[in-house]
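The numbering of the sequence shown is my numbering, which starts it at 217 and goes up by one.
Working notes for the structure below.
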Amino acid sequence: MPELLDGFDGPIRDEEASGVVPAESTSPTSTSGRESPRMATPPMSTPRTPLSFSDVLRLRPVRRLWVAQIVSVFGDFLAVFAIIAVVTFQLHGTATQVALVLVSFMAPLAIVSPLAGVFVDRWHLKRTMIASDLIRGVLVLALVFVHDLYAIYAILFTMSVVSAFFVPAQSVAVRTLVPMAGLMAVNGLMSQAQQGSLIVAPSVAGELVQLAGANSCFLYDSFSFFFSAALVMTLTIDRQARRTESSAVLDSMRQGFGFIFKHETISFVIISMTAGSFAMRCFGALLSIYVRDVLHSTAAAFGVLNTLIGIGMITGTQLLTRFARHIPQQNLVVYGLGGMGIAVLITAAFGAMGSTAVGMLGLGLSASAIFITATTLIQHETPHELLGRVMSCLMSLVAGAQVISMFVAGPVAEKIGIPNLYYGSAALLFGIGVVGYFKLPKAEKAEAEKAESAKTG
217 MPELLDGFDG PIRDEEASGV VPAESTSPTS TSGRESPRMA TPPMSTPRTP LSFSDVLRLR
277 PVRRLWVAQI VSVFGDFLAV FAIIAVVTFQ LHGTATQVAL VLVSFMAPLA IVSPLAGVFV
337 DRWHLKRTMI ASDLIRGVLV LALVFVHDLY AIYAILFTMS VVSAFFVPAQ SVAVRTLVPM
397 AGLMAVNGLM SQAQQGSLIV APSVAGELVQ LAGANSCFLY DSFSFFFSAA LVMTLTIDRQ
457 ARRTESSAVL DSMRQGFGFI FKHETISFVI ISMTAGSFAM RCFGALLSIY VRDVLHSTAA
517 AFGVLNTLIG IGMITGTQLL TRFARHIPQQ NLVVYGLGGM GIAVLITAAF GAMGSTAVGM
577 LGLGLSASAI FITATTLIQH ETPHELLGRV MSCLMSLVAG AQVISMFVAG PVAEKIGIPN
637 LYYGSAALLF GIGVVGYFKL PKAEKAEAEK AESAKTG
């Protein structure tokens, strides 16, 4: 297994000066595949002192990736809500047909991602991201001309397959472009783009569908992919494409899974994100029924509670970089699991609107601690040549957990009741957190082992 990397593993290079001194480059290759001279520059920071949002936004590559993320993710949410509106109100789809919209989009991520990660680790990173954006831009444009339900499923399925290549490629690009101390802040910015879009997009999509038709949402989403590709073209991402024999694909997948299973911290944070995703999707799938049958409230309350989850995640993102200066990242994941468990427990135990609102805010706050910190830990601890495979495995498990929860949550809730299902979810989250607290190596011990490994290596 390659030695774990403990420094900034790639230069911040851009066609223009970034305005912030980059960390020392350890990558000897350029995007063209040619060898480039090693450039020694003063380190920007150490992983012990995480950078703030303003620090990383001074880097032009980060600003461009962030803007691309905002525009593209907002377009994705517009398109998904528009598709649901079309299937529901124009095609008069059943509940199962509407649910299959999300299943069509999530299932390929669970199935294709492990294989996609192998090729992301081999292919030219920048070209992979650009090609993924361009292909998805064309596919979503096809939705303008399609009115058959199964054709819509097929387009969503194909888009998801392409996304299985883009998402790990973007994560590797972040690792390559950003100093280690800035990973937490950059992942937080990416999460804010998603949560902000999730809060705003439903109402905007509803108005656009009502006033201009669903095609306006599809056209914007298509534009957003081309816009994202144009911004990625301006970046210089120093990672050489690795050319290997196709017969080694299965062996490459085994290497990725082998690293995950042997690395305690990585395996724990992946389990944590999978459990957190399962719990969040159970909430999303059953929250409307909970509001109707337990809280005896309305659709307006359901919308407000969903918004509170997003607000909690945005707030948690703002606080994370401060906490990360004093609390080891792996501990933040443990605390996030405990916080999610408490939020779910409060929601189930009291069954009142006020307590549910508190639970939704707490759920969002705690989820940000899990998802952002876990992503940062994986980027920090995974050798660069394995990062695409490891991130793809993570994506596969998280997407699989969400798909399973959509099928499992309803039947289980009908048998035992939603509050009891929530109690079970809380117990699961607490249990994983307790195991992680006692099983994970303490931060000081991990740092000592890594320093010793560096000396002997």
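By construction, the Cβ of each residue, glycine as well, lies at the ideal position given by its N, Cα and C atoms.
None of these values were measured; they are calculated from a predicted model.
Collapsed DSSP secondary structure at residue i in the structure displayed
i	result
T589	helix
T452	strand
P544	coil
F361	coil
W757	As shown, the chain starts at 217 and ends at 673. That puts residue 757 outside it, with no answer to give.
P277	helix
P324	helix
D271	helix
L681	This structure gives no information on residue 681, because the portion of the chain shown stretches from 217 to 673.
H596	helix
G526	helix
P266	coil
D467	helix
Minimum C-alpha distance to residue i - residue among the options
i	options	result
I435	A421, L447, A446	Residue identity check: residue 435 is Leu in the sequence provided, not Ile. That would be A421, whose Cα lies nearest to the Cα of L435.
I453	I327, S571, W339, L294	W339
E597	A301, I476, G353	I476
L359	I527, I346, Q426, I371	I371
A585	L307, Y639, N547, F566	N547
F646	I632, S270, I558, A629	I558
L341	M406, A385, I300	A385
I299	V390, D271, Q545, V425	V425
A351	H363, L511, S376	Contrary to the premise, residue 351 reads as Ile rather than Ala in this sequence. Among H363, L511, S376, the Cα nearest to that of I351 belongs to S376.
Q410	I482, I588, A501	I588
F321	H363, D271, L405, V378	V378
P395	F443, P277, M449	P277
T450	L393, T531, A491, L511	L393
A565	S493, A445, G640	G640
L610	G500, P324, M489, A430	M489
Backbone CA spacing between residue i and residue j [nearest angstrom]
i	j	result
L273	A284	13 Å
K655	G649	10 Å
Y653	R279	36 Å
S243	Q306	With a pLDDT of 38 at S243, under the threshold of 50, the predicted position of this residue should be treated as unreliable, though the coordinate-derived value follows. Cα-Cα distance, rounded: 53 Å.
I415	I527	8 Å
A389	A495	29 Å
L267	I487	27 Å
G554	S582	8 Å
I505	G309	19 Å
I562	T572	7 Å
D467	S612	18 Å
A428	G552	42 Å
For residue i, the first and last residue of its enclosing alpha helix (DSSP H)
i	result
L645	634 to 655
M396	From DSSP, M396 is part of no alpha helix (DSSP H); its letter is neither H nor E.
Give a yes or no on contact between the stretch 288 to 299 and the stretch 408 to 428, applying the rule of three or more CB pairs nearer than 8 Å. yes
Indicate whether the contact test is met: 3 or more Cβ pairs, each with one atom in the stretch 601 to 617 and one in the stretch 510 to 527, closer than 8 Å. no
Between the stretch 341 to 351 and the stretch 393 to 405, are three or more C-beta pairs nearer than 8 Å? no
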